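First comes the structure, then the notes that go with it.
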Amino acid sequence: MSTSRRSFLRCAGSAAGTAAFARLAGTSAFAQSAPDYKALVCIFLFGGNDSHNMVIPQEAGALALYRAARRGLALPDNNTQVTAISTRAGVPYAFNSGLNAIAPLWADGRLAVVANVGVLAAPTTRAQYVARSVPLPTNLFSHSDQVQAKQAGDPYGSGAGGTGWAGRIADAVNGLNGQARFPAAFSMSGNALITTGTTIQSASLYPGFDLTAAGMNSWPASSAAARAQALQEVLAFDNGLTLVQAANTVRRDALALNTMLRSTGTATPLATTFPGTNLGRQLQQVANIIRLRASTGMQRQVFFASLGGFDTHSNQSWAHWDLLRQVGDAMRALYDATAEMGLADKVTTFTETDFGRTLESNGSGSDHGWGGHQLVLGGAVRGGDLFGKFPDLTLGGADDANARGVLIPTTSLDQYGATLARWFGVAPEAMTQVFPNIGRFATPDVGFMA
Amino acid sequence: MMTIARCRGAFMALVAMLLFAGPAQAESNITVYKSGSVAINDTRQLTAYVPLSPNSVTWSVNGIAGGDATVGTISATGLYAAPATVPANPAVSVRATSTAYPNKFDAVTLNITQVPVQLWSVAPTSGPVGAFTLSLNGANFSAGSTVTVGDAPVQVTYVSVTRLRISGTITAAQAGKKLGIKVTNPGLGTTTSGSVAFAVTSDTPTTPTNPNEPTPAPTPTPPAVTVSLTPNAASLAPFGTRQFTATVSGSNNASVVYSVNGIEGGNANVGTISGSGLYTAPASTASQLMVTIRAVSQASTTASATATVTIAGPPAAGSSQGTANLAAARFLNQATFGATPASIARVQQIGIDAWLDEQFAMAETPFPDVATLNSGTLRAQYVSRLTTAEDQLRQRVAYALGQIIVISMNKNIYPPEIVPYLQILSSHAFGNYRSLLGEVSVSSQMGKYLDIANSNRPTAGRGANENYPRELMQLFSIGLWQLNPDGTHARDANQNLIPTYDQAAVQQVALAFTGWTYQGTGTNNWENFSGPMIPRDVNHDTRAKAFLGCTLPAGQSTVADMNAAVDCIFRHPNVGPFIATRLIRALVTSNPSPAYVQRVAAVFDNNGLGTRGDLKATVHAILTDTEARDGAPERLRDPIQHLAAFTRALGGNIRPGNQLSWQLNQMSQDPLAPPSVFGYYSPLYRIPRTTTPGPEFQIYSPTDAVLRGNLLWQAIVNPGSDFTVDLTPFTTAATPVELIDRVDQALLYGRMPQGMRQSIANVMAVQQTASERMQMALYLTAISGLAAVQH
């Protein structure tokens, strides 16, 4: 018996074992063995966020380099102020004042910055990049390719079998969801690669859409009741065919999901007010789904939300402040909502973007770059600190891929994601299923999660 | 795969260990709903929850497969029918057993009863201590019925099946109490009615008279309270409603309490009535049902009025008109974007082989001039032409090829960057796969999409682009793993999968593909989609290359290396089974047998005349194979195919000016813009919680299903500028049964299950208008799994 258990546990560490376990978990005592709920929420900043103006060095030497490199783009300016923060070691930085809603969470130890994250095929120095002596990601600086690489978690963009890294995380931990039929991966902004797994579907759920089926409203009420009854009945007929039955099951799941989503409308509303922005509505929908965890029985869910407009080639100053304000306000509301639900340390929100932007100004904006800083927020985040290596901002310097301030990432996307995945419950031996290249980097955990 | 195989034993052992740890019956992980009582001649639908794959079960009663006349019968779908007489042991055990795992089962106990005896009222409802004679109203009384009053048996006289007379004596000790009256039909399967109260009035004690008190004035006799109820009779369909109004006179208290067959407020079996008198008939009855509605005054419980409601039995659902069109329709659903009444007739007239020849010979529907298109109109017109073009087989095959060899408008955003590629797929749909690969490889559209354009020979700091070489091998031709001729994975001596190529091979092919640029005068021209890419030997790597067992000698030109490399890949033995599997999945079934794949792959490898890669012969082999024609092929329609098949079945199409791109995008099928080179869904995707391949299920999440259903609803009720449909055959149906027949024939070719016909007949019976009845019949059928899945 003990042999069986040991060999099972060894196998369960593999993706195959985990998937098999997930299918049958509901029949065993294991289904109840995960009392905790956790969620990962990705906010993708489409267009390439100029994070050099999101997190600004304030230590004198670095600030001088920043001003020299950015010239007319340097903050503060007429539109945008900066809000001072400092790391646990006392190194001074500042946030773009667009982030003022979440800036206090830095001091509270809930908000962290991961510096100069980007897609890498292997650790890369300037010399190696110039000499092409290490493998490099394909189609750097191309929006479509880098959005795909960032979501696939693969430096070659499409080399990951049509799956995304958050979806693969959901695959790896889906055993914890037992037989619960609620979707484990949600996109709030349309079809998303990042939340597509090998076995996990990425379920789109648009803000305000509660899966109400057309054609079910009717007068009088008895007619509507008859329609609802007939719909339920019709989905029971499959002539014994496997795929027909599977298709009916999806639609029955939709009916159940609709009932659950509608129940959030009748429950006591969250006291937290979400901003009325597109991103605010997406994150409110996330909060509403998290609220359903007791009735859905879900233990692990990943979410995808997004905001576009970050391709600030021109007129960057005010536009970027306004975009960051939308991000900060919505992130703050989601954090407050999770705190209200008693889940502040169970939900981690993080940013992603196409790529960083050039340090050098093109006059009124910046161009496509590579590495960039990311925000991570939640009660389980080792907040109030900056992780990874803050890059050298010298144009043409040690971290510059050329002479325009295209910064070579010092933390890979794989490491950034794997740190989140480890907190989420992905076992170390399963990490290569999520990030096939993680072994090429010194550590799979850059330390920003508790 | 190996990990699963090695681990399965250990895993199953642990599962078994966990399961056996509980009570002995814990082995069963099937759950059957649910135990209870069933009257003779009555039925009960049982449901088996089966978290196994496959999830089919067999049913038995007391160990008898399907049951029998003594213990009752059970259908394949779990409908239990009680016997005509109560069996010697009224408790029968109904069991569902997994077909795949005979040790997985669950059973419920059904208690067979006589027809339940019902007691609705007693008259009078109160009386004094002493001898009484009462009249009982109810149902299913028999000569053997016994009655208790306050739990004491009394004398019974049988008057009729709805009337008993009882007599007895009430003791002084019972004065002022309410006594419950119950009727029992004794014997096997005994049943007892609910309790109706009889109030015993108090003895009036003789009060000593006080001569000093004035004699009280006599109390005026209160006016008699009466109740009237309107209407006093009604006929309703199942689920039908009727408002009843009770009027109380003789009291200021107008309140009444409504009951149905003596049950306050009613219930699901007899219908419900609200506190304000709104009666709702039960959802269904096995046969016509009469119920009594009673309104009792709250001012005087002896004052009441009744009304009789007749609830119609189930509406007629008819039965299937047969599957005469099924064979032709199934073929057309594989070969086109949906069978139409006209195409079914054509196939039946000339036969499958002649129909295929006709389609192979048919002129290609031309693409519109790209100058007339923008990105939006291109997508709209593309979806539309799938439903309207006469060369349907070519459209369907080109569409399938477009799911294998992918270019997406999420990168190639303008019409000139995509239309010539669509033209290549169309013109080669019945051509040769080698020619197709060759033309795609030098197209400027693929040159942009997968970066082969301006991929120069390596220089310091710049390597040859590997994007196209990788996808050409992984997705367009040979795949990652070596295959057997039947499409199953080949294995080495250690049972491990064998990779088809390694990174070195990708780099070698990348070198062979260097030197191509867009049209123009330079050697690395800016994007230009006016024609295919052109070779520039100055940028070509002329070293020797070796990959996949092929060798390209040094010094070859850009063109010669390209041709040799594509030739080498095309000759790889994987191509036949790889492409056969993909095309079978796209056209016929998600789960082809290895033998089917092998038969088709053999035709791909050699069309009988020694030619490899003949797509016409391959398509012919796929569509005429015995597994396609006589097997049980199933594949889920993608959103475009589902909408196309539905509108075409209704004699319509998707219109050129449609605005469906956004809605299709929401359903994860943005037309011509799959999210990556992997297309809209992975060919490897399996149905959640199963091991059954179902690629299209990857974009059929619950949200996708609702959005798709909502669009089908729109096509029926508000086709607008998006769809055309001809609803005449349905609006002209003379009866509900005829309407169901026409929907069944149009969408399911006579395969609608009888129970589904009845469900649709039931809902139609309570719709208010003819158009609502038609909408419900079409909609519920269109969104059912039977229509979502091409089968």
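Heads up: the protein sequence lines correspond to chains P and H, in order.
The numbering of the first sequence is this note's numbering, which starts it at 1088 and goes up by one.
The numbering of the second sequence is this note's numbering, which starts it at 137 and goes up by one.
The beta carbon of each residue, even a glycine, is placed where N, CA and C say it ideally should be.
Predicted, not measured: the structure shown is a model, and the values here were computed from it.
Helix, strand or coil at residue i according to DSSP, with G and I counted as helix
{"i": "Arg791(H)", "result": "coil"}
{"i": "Trp652(H)", "result": "strand"}
{"i": "Pro1515(P)", "result": "helix"}
{"i": "Lys584(H)", "result": "helix"}
{"i": "Pro728(H)", "result": "coil"}
{"i": "Glu832(H)", "result": "helix"}
{"i": "Phe1273(P)", "result": "strand"}
{"i": "Gln181(H)", "result": "strand"}
{"i": "Gln1413(P)", "result": "helix"}
{"i": "Glu400(H)", "result": "strand"}
{"i": "Ile200(H)", "result": "strand"}
{"i": "Lys1476(P)", "result": "coil"}
{"i": "Ala690(H)", "result": "coil"}
Residue of the options minimising C-alpha distance to residue i
{"i": "Val168(H)", "options": "Ala217(H), Val230(H), Asn177(H), Ala212(H)", "result": "Val230(H)"}
{"i": "Ala1176(P)", "options": "Arg1527(P), Asp1472(P), Ala1505(P), Leu1507(P)", "result": "Asp1472(P)"}
{"i": "Ser591(H)", "options": "Ile670(H), Pro769(H), Met910(H)", "result": "Ile670(H)"}
{"i": "Val1201(P)", "options": "Trp1510(P), Thr1519(P), Pro1496(P), Ala1190(P)", "result": "Pro1496(P)"}
{"i": "Val1468(P)", "options": "Tyr1153(P), Leu1198(P), Lys1125(P), Arg1491(P)", "result": "Leu1198(P)"}
{"i": "Phe649(H)", "options": "Arg679(H), Leu425(H), Asn247(H), Ser571(H)", "result": "Arg679(H)"}
{"i": "Ile705(H)", "options": "Tyr604(H), Gly376(H), Thr381(H)", "result": "Tyr604(H)"}
{"i": "Asp1479(P)", "options": "Phe1131(P), Ala1155(P), Ala1271(P), Asn1136(P)", "result": "Ala1155(P)"}
Cutoff 7 Å: residue i Cβ touching any chain P Cβ
{"i": "Gln903(H)", "result": "yes"}
{"i": "Trp849(H)", "result": "yes"}
{"i": "Pro838(H)", "result": "yes"}
{"i": "Phe334(H)", "result": "no"}
{"i": "Glu770(H)", "result": "yes"}
{"i": "Val193(H)", "result": "no"}
{"i": "Gly921(H)", "result": "yes"}
{"i": "Ser164(H)", "result": "Residue confidence is low: Ser164(H) scores 48 on pLDDT, short of 50, so the model does not pin down where it sits. Its coordinate-derived value is still stated next. With 7 Å as the cut-off, Ser164(H) does not count as an interface residue toward chain P."}
{"i": "Tyr823(H)", "result": "For the sequence presented, residue 823(H) should be read as Ile rather than Tyr. Answer yes: the Cβ-Cβ gap between Ile823(H) and chain P drops below 7 Å somewhere."}
{"i": "His927(H)", "result": "yes"}
Interface flag, residue i vs chain H, CB-CB below 7 Å
{"i": "Glu1447(P)", "result": "no"}
{"i": "Glu1516(P)", "result": "no"}
{"i": "Asn1278(P)", "result": "yes"}
{"i": "Thr1225(P)", "result": "yes"}
{"i": "Asp1398(P)", "result": "no"}
{"i": "Ser1291(P)", "result": "yes"}
{"i": "Phe1324(P)", "result": "yes"}
{"i": "Thr1329(P)", "result": "yes"}
{"i": "Asp1241(P)", "result": "no"}
{"i": "Arg1338(P)", "result": "yes"}
{"i": "Val1321(P)", "result": "yes"}
Integer-rounded CB distance, given that residue j should sit under 8 Å from residue i
{"i": "Ser278(H)", "j": "Gln291(H)", "result": "About 16 Å; that fails the 8 Å criterion."}
{"i": "Pro937(H)", "j": "Ser479(H)", "result": "Here chain H has residues from 137 to 927 only, and residue 937(H) is not among them."}
{"i": "Val1521(P)", "j": "Val1513(P)", "result": "6 Å"}
{"i": "Trp195(H)", "j": "Ile210(H)", "result": "4 Å"}
{"i": "Leu1223(P)", "j": "Tyr1216(P)", "result": "7 Å"}
{"i": "Gly1311(P)", "j": "Met1303(P)", "result": "Sequence inspection shows Ala at residue 1311(P); the Gly mentioned does not correspond to that position. Indeed they touch by this definition, with Cβ atoms about 6 Å apart."}
{"i": "Val258(H)", "j": "Lys170(H)", "result": "Contact doesn't hold; Cβ gap of about 34 Å is too wide."}
{"i": "Gly214(H)", "j": "Thr233(H)", "result": "Wrong, their Cβ atoms sit about 12 Å apart, outside the cutoff."}
**Request:** Let me know the alpha helix (DSSP H) ranges lying completely inside the stretch 496 to 526 of chain H, each 4 residues or longer, listed in chain order.
**Result:** 511 to 524
**Prompt:** Whole alpha helix (DSSP H) runs in the stretch 271 to 342 of chain H with 4 or more residues, listed along the chain?
**Reply:** none
**Item:** Complete alpha helix (DSSP H) runs within the stretch 421 to 493 of chain H (minimum length 4 residues, chain order)
**Value:** 462 to 471, 477 to 486
**Item:** Ranges of the beta strand (DSSP E) found wholly within the stretch 225 to 275 of chain H, counting only runs of at least 3
**Value:** 227 to 234, 241 to 249, 254 to 259, 266 to 275
**Asked** Can you list, in chain order, the stretches of the alpha helix (DSSP H) that have 4 or more residues and sit fully within the stretch 702 to 778 of chain H?
**Response** 711 to 723, 730 to 741, 751 to 760, 762 to 766
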